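Just so you know, we're using the working numbering here: the sequence shown kicks off at 1 and counts up by one.
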Amino acid sequence: MKVVVLDDYQGVAMSATDWSPVRAIADVEVLGEHIDDDDRLASRLSGADVVVAMRERTPFGRDLLQRLPHLRLLVTTGPFNAAIDLAAAHDQGVTVCGTGGFIEPTVELTWALILGLLRHLPEEASSVRSGGWQTSVGGDLKGKQLGVVGLGRIGSRVARVGLAFGMSVVAWSQNLATDRAERVGARPVTKAELFEGSDVVTVHLVLSDRSRRTVGAPELQAMKPEAVLVNTSRGALVDEAALVDALSSGAIAGAALDVFDTEPLPKDHPLRSMPNVLATPHLGYVSHKTYELFFREIVEDIVAFAQGSPIRTITP
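Here it is as structure tokens:
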């Protein structure tokens, strides 16, 4: 059996867990570079019986799956993966399995980005390294309003941290129940009220056709000029072109972003160089604890499939 592990950017896949149960039954190849061209990817995956996908770094649509006739098992890290066409995989006879996951690292990174942006931490750290001292004046959280777009598992925890900082917290989503918001300590508001009144807007929605571009030009233009936008969920929830315009024109003060329309972010993309943007390379789930869980359960998935009893299967 041939197993190919994709997108091991940090070169940690083989050290995160014990792969000997898989190596006993299969040849394992690890690809560290991202391949964003289907022709090249199909060529590299030729003959693979099992492919391991790291979150949504590489999409698996119907066309690509049809070009992988040997593929029998596709394992994704996490319990679901919007970049995999599950119906197409089912039609091709490809079993799709997942793993568990943790949400706490994304909550923690969200607040790291908020604090880093408002207190100008990257700039100040760089200044200290180069011999400088106190070049900026930071923003405050206590007494300010946090607007949470999407009050699910991650959004709820982000909201509670906001309360701990002494912020007032408001929330909106299309189907937000008042009692759920109140249990978290957030005040449910309309979408317009959230964007118009919040000092920090943070996005925590599941990406779907309905939620795509939830934050567009109208929402950005409605924000206070001193407000900031944070997105650690999915890039497509925000209209990226409209965001660049809002940041360039001063319609909003800044943005902290961990996710983008295209990942890795193109080297010439304006978000890489804008002074009012704090950008990180989709690190929300990238932690030791998460990777140990991911790869341990990947090994379990592969072995269980080889034994004829797939576990943690994901169906259309």
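Where a beta carbon is used, it is the ideal one built from N, C-alpha and C, also for glycine.
These figures come from a predicted structure and were not determined experimentally.
Close CB contacts of Asp199 within its chain, under the 6 angstroms cut and outside five residues either way in sequence, are with Lys144, Gln145 and Ala227 (chain order).
Using a Cβ-Cβ distance cut-off of 8 angstroms, the stretch 225 to 241 and the stretch 193 to 213 are in contact, since at least three pairs of beta carbons, one from each stretch, lie closer than that value. In the structure shown, Pro188 adopts extended strand secondary structure according to DSSP, grouped into three states. 9 angstroms or more divides the Cβ of Ile314 from the Cβ of Pro59. One alpha carbon belongs to Val148, the other to Ala159, and they sit about 7 angstroms apart.
A direct Cα-Cα distance of roughly 31 angstroms separates Pro266 from Arg153. Look at the beta carbons and you see the stretch 283 to 301 touching the stretch 17 to 29: at least three pairs across the two are nearer than 8 angstroms. Across the structure, Leu31 and Ser287 are spaced so that their CA atoms are roughly 20 angstroms apart. The continuous stretches of beta strand (DSSP E) do not include Thr315, and DSSP gives it neither H nor E.
Taking a contact as a CB-CB distance under 8 angstroms, the pair Ala42 and Lys2 does not count as one, their CB atoms being some 14 angstroms apart. In the three-state reduction of the DSSP assignment, Trp111 falls in the helix class, which pools H, G and I. Around the beta carbon of His282, 16 or more other beta carbons lie within 10 angstroms, which makes this residue buried.
When DSSP states are grouped into helix, strand and coil, Ile84 belongs to the strand group. With a contact defined as Cβ atoms closer than 8 angstroms, Ala186 and Val169 qualify at about 4 angstroms. For Ala236 and Ile311, the gap between their C-alpha atoms comes out near 31 angstroms. Nearest to Gly166 by alpha-carbon distance, out of Glu56, Asp179 and Lys142, is Lys142. Linking Val299 to Leu205 through their CA atoms gives a straight-line distance of about 30 angstroms. Ser233 and Gly284 have their C-alpha atoms some 8 angstroms from each other.
If you draw a straight line from the Cα of Leu163 to the Cα of Gln174, it is about 23 angstroms long.
Looking at the DSSP output, Ala241 bridges to nothing.
DSSP places Glu226 outside both helix and strand once states are collapsed to three, so it counts as coil.
Across the set Val75, Arg210, Glu124 and Gly197, the C-alpha of Val75 shows the shortest separation from the C-alpha of Leu6. Assigned with DSSP and collapsed to three states, Gly254 falls in strand. If you check the CB distance, Gly250 and Leu117 do not come in under 9 angstroms. Taking C-alpha positions only, Trp111 is separated from Asp140 by approximately 13 angstroms. Within the same chain, and ignoring the five residues on either side of Gly93 in sequence, the residues whose Cβ sits closer than 8 angstroms to its Cβ are Arg72. Straight through space, the alpha carbons of Arg55 and His34 are spaced by roughly 13 angstroms.
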